[in-house]
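Asker: The following block contains the structure, expressed as structure tokens.
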Amino acid sequence: MLSKILKYEMKATIKPMAIINAMVIFSTIIGFFYVANLDVEEILRTENSTSFAIMLMLGIMYIVGLAISSFVSYLVILIRYGKTMYGSNGYLSWTLPVKRGTLINGKLINGVIWSIVNIVICVGSFCWLLAFYLSKAGVNLHDVIHGIPSEITGHFILPMLMLLLIGVIASVFIGYFCITVGQLMKEHKVLGTIIAFVGVYIVQQVANTIVIVGGGFFSYMNQPTVHATATGFDMEYLGIYDTMVYGQIAVILVIALVSLVACHLIPRKKINLD
Amino acid sequence: MMEQQNAQMPLADLRNVSLNYDGRFLALSDLTLTLEPGRIYGLLGPNGSGKTTLIKILAGLLTQTAGTVTIGGCPVGPETKAHVSYLPDRPFLESGMTVEEAMALYADFYQDFDMQRAEDMLERLKLGKRSRLNKLSKGTLEKVQLILVMSRKADLYLLDEPIAGVDPAARDYILETIISNYDPKATILISTHLISDVEKILDDVIMLQYGRLLHKASVEDMRAERGESIDAIFRKEFKC
Chain A
27 MLSKILKYEM KATIKPMAII NAMVIFSTII GFFYVANLDV EEILRTENST SFAIMLMLGI
87 MYIVGLAISS FVSYLVILIR YGKTMYGSNG YLSWTLPVKR GTLINGKLIN GVIWSIVNIV
147 ICVGSFCWLL AFYLSKAGVN LHDVIHGIPS EITGHFILPM LMLLLIGVIA SVFIGYFCIT
207 VGQLMKEHKV LGTIIAFVGV YIVQQVANTI VIVGGGFFSY MNQPTVHATA TGFDMEYLGI
267 YDTMVYGQIA VILVIALVSL VACHLIPRKK INLD
Chain B
150 MMEQQNAQMP LADLRNVSLN YDGRFLALSD LTLTLEPGRI YGLLGPNGSG KTTLIKILAG
210 LLTQTAGTVT IGGCPVGPET KAHVSYLPDR PFLESGMTVE EAMALYADFY QDFDMQRAED
270 MLERLKLGKR SRLNKLSKGT LEKVQLILVM SRKADLYLLD EPIAGVDPAA RDYILETIIS
330 NYDPKATILI STHLISDVEK ILDDVIMLQY GRLLHKASVE DMRAERGESI DAIFRKEFKC
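So the sequences go chain by chain: A and B. According to our numbering, the first sequence is numbered sequentially starting from 27. According to our numbering, the second sequence is numbered sequentially starting from 150.
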């Protein structure tokens with residue numbers, strides 16, 4: 027039954043998601059042709075020129091556009107969940123001959139898949155365009171990539187990618203949780219959902235602050251000789267950084283797990299359909 | 150599941166069922182009721198008497214706060230949902246779907262869905278399968294939803310206000326669709342305020358008031374005993 031739920035979820039979301047992601051790819055291709063026709067090295071030499079300002083503005087617009095696409099795809103996923111689970115379509119969803127958990131998991135998997143697809147397309151498009159831009163600016167990408175110290179890859183790039191991926195997956199769980207909490211309100215379900223979002227955000231920020239400050243403090247106390255030098259990081263300094271990044275990952279994982287459990291438990295007690 | 154049940158056993162069995170909303174408003178109070186196979190029940194009562202709540206409990210949308218509910222001997226869950234065909238009192242299909250897609254969804258999830266029966270009924274309605282649900286009129290959408298629900302060979306049909314808000318001609322179509330498509334061994338529970346319209350198809354009536362069972366009797370017996378129609382009895386019983 028999970029495959030059937032997933033099939034119908036995919037069918038219902040493929041159109042808006044395809045449009046959103048196609049727009050990301052399309053704007054990246056436009057960006058490619060724009061950069062291809064630029065004399066990047068010359069523009070960078072004369073930073074006060076109009077061409078430089080236009081290039082900068084278009085670059086910012088492109089990045090904002092990527093952020094908007096991620097936000098819109100997230101909204102599409104959440105609105106669908108709200109409508110099909112706690113809106114008028116819930117009368118069908120909850121009376122299908124499937125287990126409650128299967129129904130919720132099907133929608134969670136669909137939301138996670140589309141969120142990952144969107145983030146991969148956004149990050150991939152950005153990196154591709156950035157690489158092209160840098161190569162036009164005369165930067166030897168091969169040398170740059172091979173010049174990155176393994177410590178930076180291991181302590182910064184990979185953990186940040188992990189944080190991004192886990193954050194994207196967790197955001198789906200948290201979004202569904204907030205909708206599930208919002209539906210408990212007799213009226214103003216949307217307001218209830220927004221309040222739940224604010225609540226989760228506050229909890230997450232407080233937990234992150236505790237982890238960053240506490241983790242950093244205790245790591246420093248264990249290695250008080252650590253310092254950053256003018257020529258680069260003292261590699262022991264990265265231990266403190268690890269504590270903070272992995273601490274944040276742990277916070278997100280705990281919140282995602284609590285959200286997931288609540289998404290399954292709350293409807294056992296109450297389903298408040300429109 | 151249902152085939153394994155003893156012939157003497159009621160199809161649906163509610164014992165001392167209560168449900169309160171938000172811990173305050175008592176929608177159903179200590180309700181004990183059985184539904185026998187092969188009967189058409191009219192679920193009657195004024196607004197707020199608990200009709201929709203009772204139907205939602207049987208459909209698995211609400212869970213009672215006290216008492217037990219079984220359908221075919223099983224507590225309400227995925228197993229009973231496979232044998233219960235439910236028509237809510239509002240549009241419940243995704244508006245962007247076509248009629249064909251809605252039929253495919255029913256066929257996918259409900260093993261007892263009879264595609265041929267649905268297509269025949271649609272043909273009678275002269276409605277294209279590619280029509281989008283959000284392009285249909287309110288009455289036509291209600292008919293499409295009813296066609297989907299009645300195209301299942303279910304053991305229990307729960308129809309919540311199936312003829313509310315449609316014109317008299319549409320009501321006749323809906324009642325005819327119900328009568329001509331249900332298996333005589335199946336049970337139908339129809340909630341309605343339009344008693345005079347449905348009275349002719351009912352075998353039994355269940356009257357609720359303040360979430361309690363007021364009457365459960367055969368339509369014939371009730372008419373004979375009171376000497377008037379069910380509609381007239383209802384108007385007297387619930388006169389404001």
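We treat Cβ as the ideally placed atom computed from N, Cα and C, and that holds for glycine.
When the Cα atoms are used, what is the spatial distance from Phe387 (chain B) to Gly194 (chain B)?
Answerer: On the second sequence, position 238 is the one that residue 387 (chain B) refers to. On the second sequence, position 45 is the one that residue 194 (chain B) refers to. Here the alpha carbons of Gly194 (chain B) and Phe387 (chain B) stand approximately 8 Å from one another.
Asker: Just to confirm before moving on: does the CB-CB distance between Ile200 (chain A) and Leu129 (chain A) stay below 8 Å?
Answerer: For the purposes of this step, residue 200 (chain A) is taken as residue 174 along the first sequence, with counting starting at 1. For the purposes of this step, residue 129 (chain A) is taken as residue 103 along the first sequence, with counting starting at 1. No. Outside cutoff.
Asker: Would you check if the segment 144-161 of chain A and the segment 236-246 of chain B touch, i.e. whether three or more CB-CB distances between them fall below 8 Å?
Answerer: no
Asker: Could you compute how far the alpha carbon of Asp370 (chain B) sits from the alpha carbon of Val207 (chain A)?
Answerer: By one-based count along the second sequence, residue 370 (chain B) stands at place 221. By one-based count along the first sequence, residue 207 (chain A) stands at place 181. So the alpha carbons of these two residues sit roughly 49 Å apart.
Asker: I think Leu182 (chain B) touches Leu163 (chain B), with their Cβ atoms under 8 Å apart; what is that distance to the nearest whole Å?
Answerer: What you label residue 182 (chain B) is simply residue 33 of the second sequence in a count that begins at 1. What you label residue 163 (chain B) is simply residue 14 of the second sequence in a count that begins at 1. Leu182 (chain B) to Leu163 (chain B), Cβ: 5 Å. Contact.
Asker: From Leu180 (chain B) to Leu362 (chain B), what does the alpha carbon distance come to, in whole angstroms?
Answerer: As a first step, residue 180 (chain B) is located in the second sequence; it is residue number 31 there, counting from the start. As a first step, residue 362 (chain B) is located in the second sequence; it is residue number 213 there, counting from the start. If you take the alpha carbons of Leu180 (chain B) and Leu362 (chain B), they lie about 6 Å apart.
Asker: According to DSSP, what are the bridge partners of Ala215 (chain B)?
Answerer: Position 66 of the second sequence, counted from the first residue, corresponds to residue 215 (chain B). DSSP lists B:Ser167 as partners of Ala215 (chain B).
Asker: Decide if the segment 364-381 of chain B is in contact with the segment 329-341 of chain B; the criterion is three or more beta carbon pairs, one per stretch, under 8 Å apart.
Answerer: no
Asker: Mind checking if Arg239 (chain B) is an interface residue toward chain A, Cβ cutoff 8 Å exclusive?
Answerer: Looking up residue 239 (chain B) in the second sequence gives position 90. Closer than 8 Å to some Cβ of chain A, the Cβ of Arg239 (chain B) qualifies, so yes.
Asker: Roughly how far, in whole angstroms, is the beta-carbon of Ile328 (chain B) from the beta-carbon of Ile350 (chain B), given that I think they are within contact range, below 8 Å?
Answerer: Numbered from 1 along the second sequence, position 179 holds the residue referred to as residue 328 (chain B). Numbered from 1 along the second sequence, position 201 holds the residue referred to as residue 350 (chain B). Indeed they touch by this definition, with Cβ atoms about 6 Å apart.
Asker: Going by C-alpha distance, which of B:Leu295, B:Leu305 and B:Asp352 is nearest Glu418 (chain B)?
Answerer: Because residue 418 (chain B) is not part of the residues shown, which for chain B are 150 to 389, the question remains open.
Asker: Check for me: the beta strand (DSSP E) holding His172 (chain A) runs from which residue to which?
Answerer: Start at 1 with the first residue of the first sequence, and residue 172 (chain A) comes out as number 146. Taken as a continuous stretch (DSSP letters only), His172 (chain A) belongs to no beta strand (DSSP E), being part of the alpha helix (DSSP H) at Leu167 to Gly173.
Asker: Is the Cβ of Pro123 (chain A) closer than 8 Å to any Cβ of chain D?
Answerer: Here the protein chains are A and B, and chain D is not one of them.
Asker: Using beta-carbon positions only, say whether Ala161 (chain B) and Leu207 (chain B) come within less than 8 Å of one another.
Answerer: By 1-based counting over the second sequence, the position of residue 161 (chain B) is 12. By 1-based counting over the second sequence, the position of residue 207 (chain B) is 58. Result yes, Cβ atoms of Ala161 (chain B) and Leu207 (chain B) sit closer than 8 Å.
Asker: Give, in chain order, every residue of the segment 315-345 of chain B whose Cβ lies closer than 7 Å to some Cβ of chain A.
Answerer: none
Asker: Whole-angstrom Cβ separation of Gln274 (chain A) and Leu189 (chain A), contact assumed at under 8 Å?
Answerer: For the purposes of this step, residue 274 (chain A) is taken as residue 248 along the first sequence, with counting starting at 1. For the purposes of this step, residue 189 (chain A) is taken as residue 163 along the first sequence, with counting starting at 1. 6 Å between Cβ atoms; contact.
Asker: Distance check for Ala303 (chain B) and His232 (chain B), CA to CA, integer angstroms please.
Answerer: If you number the second sequence from 1, residue 232 (chain B) lands on position 83. If you number the second sequence from 1, residue 303 (chain B) lands on position 154. Distance between the alpha carbons of His232 (chain B) and Ala303 (chain B) is about 5 Å.
Asker: Check whether the Cβ atoms of Cys289 (chain A) and Phe203 (chain A) sit closer than 8 Å, and answer yes or no.
Answerer: The sequence position of residue 289 (chain A) within the first sequence is 263, counting from 1. The sequence position of residue 203 (chain A) within the first sequence is 177, counting from 1. Yes. Within cutoff.
Asker: Below 8 Å between beta carbons: does that hold for Asn298 (chain A) and Leu210 (chain A)?
Answerer: Translated into positions along the first sequence, residue 298 (chain A) becomes position 272. Translated into positions along the first sequence, residue 210 (chain A) becomes position 184. Yes, the pair counts as a contact, with Cβ atoms nearer than the cut-off.
Asker: Any residues in the segment 28-60 of chain A with a beta carbon nearer than 7 Å to a beta carbon of chain B? Which ones, in chain order?
Answerer: Lys30, Tyr34 and Ala38
Asker: Using a C-beta cutoff of 8 Å, does Leu210 (chain B) count as contacting chain A?
Answerer: Residue numbering aside, residue 210 (chain B) sits at position 61 when the second sequence is read from its first letter. True, the Cβ-Cβ gap to chain A drops below 8 Å.
Asker: Buried or exposed: Pro317 (chain B), going by 16 or more other Cβ atoms within 10 Å of its Cβ?
Answerer: Numbered from 1 along the second sequence, position 168 holds the residue referred to as residue 317 (chain B). It is exposed - the Cβ of Pro317 (chain B) has fewer than 16 other Cβ atoms within 10 Å.
Asker: Enumerate in chain order the residues of its own chain whose CB-to-CB distance from Tyr60 (chain A) is below 8 Å, with the five nearest sequence positions on each side excluded.
Answerer: If you number the first sequence from 1, residue 60 (chain A) lands on position 34. Around Tyr60 (chain A): Leu84.
Asker: In the segment 277-299 of chain A, which residues sit with their C-beta less than 9 Å from some C-beta in chain B, listed in chain order?
Answerer: Arg294, Lys295, Lys296, Ile297 and Leu299
Asker: Looking at the strands, I want to know which residues DSSP matches up with Val287 (chain A).
Answerer: Taking the first residue of the first sequence as position 1, residue 287 (chain A) is located at position 261. Answer by DSSP bridge pairing: none, since Val287 (chain A) is not bridged.
Asker: Under 8 Å between C-beta atoms, does Tyr112 (chain A) make it to chain B?
Answerer: Here residue 112 (chain A) is taken as the residue at index 86 of the first sequence, counted from 1. Not an interface residue.
Asker: Which partner residues of Ser119 (chain A) appear in the DSSP bridge assignment?
Answerer: If you number the first sequence from 1, residue 119 (chain A) lands on position 93. Paired residues: none, contrary to the question.
Asker: Assign Ala256 (chain A) to buried or exposed, taking buried as 16 or more other Cβ atoms, counted over all protein chains shown, within 10 Å of its Cβ.
Answerer: Sequence index remark: in the first sequence, residue 256 (chain A) carries index 230 (1-based). Since pLDDT at Ala256 (chain A) reaches only 48, below the 50 mark, its modelled position is unreliable, and the value read off the structure follows with that caveat. Flag for Ala256 (chain A) reads exposed.
Asker: In terms of residue numbering, what span does the alpha helix (DSSP H) encompassing Met158 (chain B) cover?
Answerer: For the purposes of this step, residue 158 (chain B) is taken as residue 9 along the second sequence, with counting starting at 1. Here Met158 (chain B) belongs to no alpha helix (DSSP H), and DSSP marks it neither H nor E.
Asker: Would a check of beta-carbon distances place Glu310 (chain B) closer than 8 Å to chain A?
Answerer: Indexing the second sequence from 1 puts residue 310 (chain B) at position 161. Output row for Glu310 (chain B): interface = no.
Asker: Please report how far the alpha carbon of Arg384 (chain B) lies from the alpha carbon of Arg279 (chain B), in whole angstroms.
Answerer: Here residue 384 (chain B) refers to the residue found at position 235 of the second sequence. Here residue 279 (chain B) refers to the residue found at position 130 of the second sequence. Answer to the nearest angstrom: the Cα atoms are 44 Å apart.
Asker: Is there a C-beta anywhere in chain A that falls below 8 Å from the one on Glu249 (chain B)?
Answerer: Here residue 249 (chain B) refers to the residue found at position 100 of the second sequence. False, the Cβ-Cβ gap to chain A never drops below 8 Å.
Asker: Looking at the strands, I want to know which residues DSSP matches up with Ser340 (chain B).
Answerer: Walking along the second sequence from the start, residue 340 (chain B) turns up at place 191. Answer by DSSP bridge pairing, in chain order: B:Leu192 and B:Asp309.
Asker: Under 8 Å between the Cβ atoms of Tyr107 (chain A) and Gly127 (chain A)?
Answerer: For this step, residue 107 (chain A) is matched to residue 81 along the first sequence. For this step, residue 127 (chain A) is matched to residue 101 along the first sequence. Not a contact, by the Cβ cut-off of 8 Å.
Asker: Taking the runs of the alpha helix (DSSP H) that are 4 residues or longer, which of them lie wholly in the segment 196-258 of chain B?
Answerer: Within the segment 196-258 of chain B, the complete alpha helix (DSSP H) runs of at least 4 residues are 200-208, 227-230 and 248-258.
Asker: Can you tell me whether Glu250 (chain B) is buried or exposed? The criterion is at least 16 other CB atoms within 10 Å of its CB, across all chains shown.
Answerer: One-based indexing of the second sequence puts residue 250 (chain B) at position 101. It is buried - the Cβ of Glu250 (chain B) has at least 16 other Cβ atoms within 10 Å.
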